[in-house]
Structures are given as structure tokens and as C-alpha cells.
Amino acid sequence: MRIISLNAWGGTLHTALLPWLAEMQPDVLCLQEVIHSPEAEKDVLEYRDGTHVLQQRTNLFAEVRAALPRHVATFCPAAQGVLWDGAFAVPSQWGLATFVDPNMPLIGQAQWFVHKDFGPKGYGDHPRSRSAHAVRLWDFAADRAVVVAHMHGLRDLRGKMDTPERRVQAQRFLALARSVAAPDDQMVLCGDFNVTPGSETLTLLRDAGFTELVTARGEAGTRTSHYGKTERFADYMCVGPGVKVRGFEVLRTPEVSDHCPLILQI
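The opening position of the sequence shown corresponds to residue 20 in my numbering, with each subsequent residue numbered one higher.
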């Protein structure tokens with residue numbers, strides 16, 4: 020089973036991202052920072068947050084679904100705000116999405132919030148609403164059930180330090196993943212956690228029996244050349260007890276986002 024986790028950066032590098040996904044054909048794709056704007060007539064609109072302005076693919080969810088047409092696709096919105104077409108505001112949902120190859124039946128799932136609740140009237144102030152999604156799949160080749168869960172950890176404008184909100188977020192994420200798992204299931208937890216390697220979040224997951232692969236394998240970070248800040252860690256891949264890792268890579272090239280894809284083979 021091949022599992023890919025990636026923060027898609029709102030599809031900013033879609034011309035590289037979409038053909039790469041079509042080529043990779045992961046069994047499970049965990050995609051964070053996904054845009055879904057059903058009313059949008061243009062492919063690109065502006066996200067505006069104070070002085071921070073970013074071009075966004077207005078229907079990235081649909082574009083990824085077209086690149087992986089056989090996959091079962093689920094979009095999990097965290098909030099609905101607006102993107103901008105000049106002076107015109109266009110309603111747009113923001114969240115994460117999961118894509119599952121149909122050869123692996125989806126036999127259980129849970130979607131919930133690890134911080135706040137759904138924001139129907141705007142993206143809100145930071146730290147904003149954050150959701151997570153867990154799927155339970157049957158792997159016929161290995162004759163077992165596997166739970167894969169991912170989240171997009173909250174952003175705090177002060178930085179990636181430990182906070183009470185991040186502690187609760189990690190606890191809720193773990194509880195969500197466990198809620199769909201049977202006692203003997205193998206488990207994989209991943210996503211853009213938005214924390215540093217020494218964080219309380221990773222300590223909590225290690226204490227729960229998970230091995231975090233990015234730090235365990237001495238990677239130098241998970242950000243690409245498109246990210247200008249000095250902190251290079253954000254994304255993590257954790258495997259539970261009994262999971263046999265056949266391969267793991269923090270992919271440096273091609274660059275399909277300001278985050279590196281995490282690719283796990285089990």
C-alpha cells in the first residue's frame with residue numbers, strides 16, 4: 020500500500036502537482052489545504068489575509084479528482100470564507116481531502132474537528148478551525164484492515180511552539196483515528212501538523228506507540244525552495260505498532276508545493 024501525505028498549498032503549483040499525482044496513483048492520498056469553490060467561474064482567485072495574498076486554484080478538489088478519476092474522493096471542509104476576483108467576493112470552502120483507490124474498500128471513516136468547529140461565516144481569526152479525517156480500509160493483498168488518518172494542524176501566528184490548543188488538537192486527532200480502528204488494525208497518522216520535531220504533539224503520539232518517520236530517519240525538513248522561512252519542519256508520518264515499512268521518502272523533486280510530499284510504502 021502506497022500512502023502519500025501532502026499540503027497542496029491551495030494548488031499554487033498545480034501545473035506540476037496534477038500530472039505528478041496522476042503518475043503516482045497512490046492507494047491513499049491525504050491532501051491538506053484544498054480549495055473547493057462550487058460557484059466559482061474562474062480557475063484562479065486571490066486569497067487575502069491582511070498583507071498576505073496568494074493565488075489559489077478555486078476548484079482544486081475537482082481537479083485532483085479528475086487526475087485520480089477512479090479514486091473515492093472525500094472533501095472535509097474546515098470553513099467557508101471568500102476568495103477574491105478583483106473587488107468581487109466568491110464563496111470558497113477550505114479544508115482537506117482524502118482519495119482512496121477503489122481496490123481498497125472503505126469500510127469505516129470519521130471526520131471531525133481537532134480545533135474549533137466548522138466556520139460557515141468566514142475563515143475566522145487565527146488560530147482557525149481545523150479538521151481531520153480517518154479512513155479504515157481493507158487491504159486484500161495483506162489480508163488486513165488499515166486505518167489512515169490525517170489532519171492539518173492549526174496555525175498560530177506566534178509560531179510552532181507548544182500550546183494548550185495544540186495539546187488538545189493532538190489528543191482529538193488520536194481519538195478520531197482510534198474511533199474507527201479495531202484492536203488489531205494497523206494505523207498510519209500523517210499530515211501537516213504545523214509543529215516542530217520536539218513538540219508535545221509528537222511526544223504524545225510516540226507515547227501512544229507510534230513511530231514518527233521524518234525525525235526518526237534524520238530528514239532535514241519537509242519544506243521546499245518555495246518556502247522562505249527558516250523553520251523547515253511541518254509535515255509528519257507516523258506508523259503504529261506492527262506496521263512494516265517497506266519504504267519512506269520525503270520527496271525533494273519535483274517540487275509540487277511549498278511542502279514536500281511524504282511517501283510511505285507498507
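Think of the CB as a built atom: it goes at the ideal place given N, C-alpha and C, for glycine as much as any other residue.
None of the values given here were measured: they were computed from a predicted structure.
Check, Outcome
"Can you give me the C-alpha to C-alpha distance between V214 and T234, rounded to a whole angstrom?", "12 Å"
"Give me, in chain order, the residues of the same chain whose beta-carbon lies closer than 6 Å to that of A253; leave out the 5 immediate sequence neighbours on both sides.", "D211, N213, T241"
"Based on the DSSP secondary-structure assignment, which residues constitute the bridge partners of N26?", "Q51"
"Is L229 helix, strand or coil when you go by DSSP?", "Note on identity: in this sequence residue 229 is Phe, with Leu being the wrong assignment. The answer is coil: DSSP assigns F229 none of H, G, I, E or B."
"For H169, which of T182, A151, A160, A161 has the nearest alpha-carbon?", "A151"
"In angstroms with no decimal places, state the Cα-to-Cα distance between P121 and W157.", "10 Å"
"Cα separation between Q112 and A97?", "7 Å"
"Count the other CB atoms within 10 Å of the CB of A41; is the residue buried (16 or more) or exposed (fewer)?", "exposed"
"Since I believe T77 is in contact with A92 (beta carbons under 8 Å), could you give me their beta-carbon distance rounded to a whole number of angstroms?", "Going by Cβ atoms, the distance from A92 to T77 rounds to 17 Å, so no, they are not a contact pair."
"Going by DSSP, what residue range makes up the alpha helix (DSSP H) through H33?", "33 to 43"
"Give me whichever residues DSSP pairs with Y66 in a beta bridge.", "L73"
"Whole beta strand (DSSP E) runs in the stretch 198 to 222 with 3 or more residues, listed along the chain?", "205 to 211"
"So I282 packs on I23, CB below 8 Å; how close in whole Å?", "5 Å"
"Hey, how far is the Cα of Q128 from the Cα of V275?", "28 Å"
"How would you label V53, buried or exposed, when you count the other beta carbons within 10 angstroms and need 16 or more for buried?", "buried"
"Taking all protein chains shown into account, decide if D226 is buried (16 or more other Cβ within 10 angstroms of its Cβ) or exposed.", "exposed"
"Considering L79, what are the terminal residues of the alpha helix (DSSP H) in which it resides?", "79 to 86"
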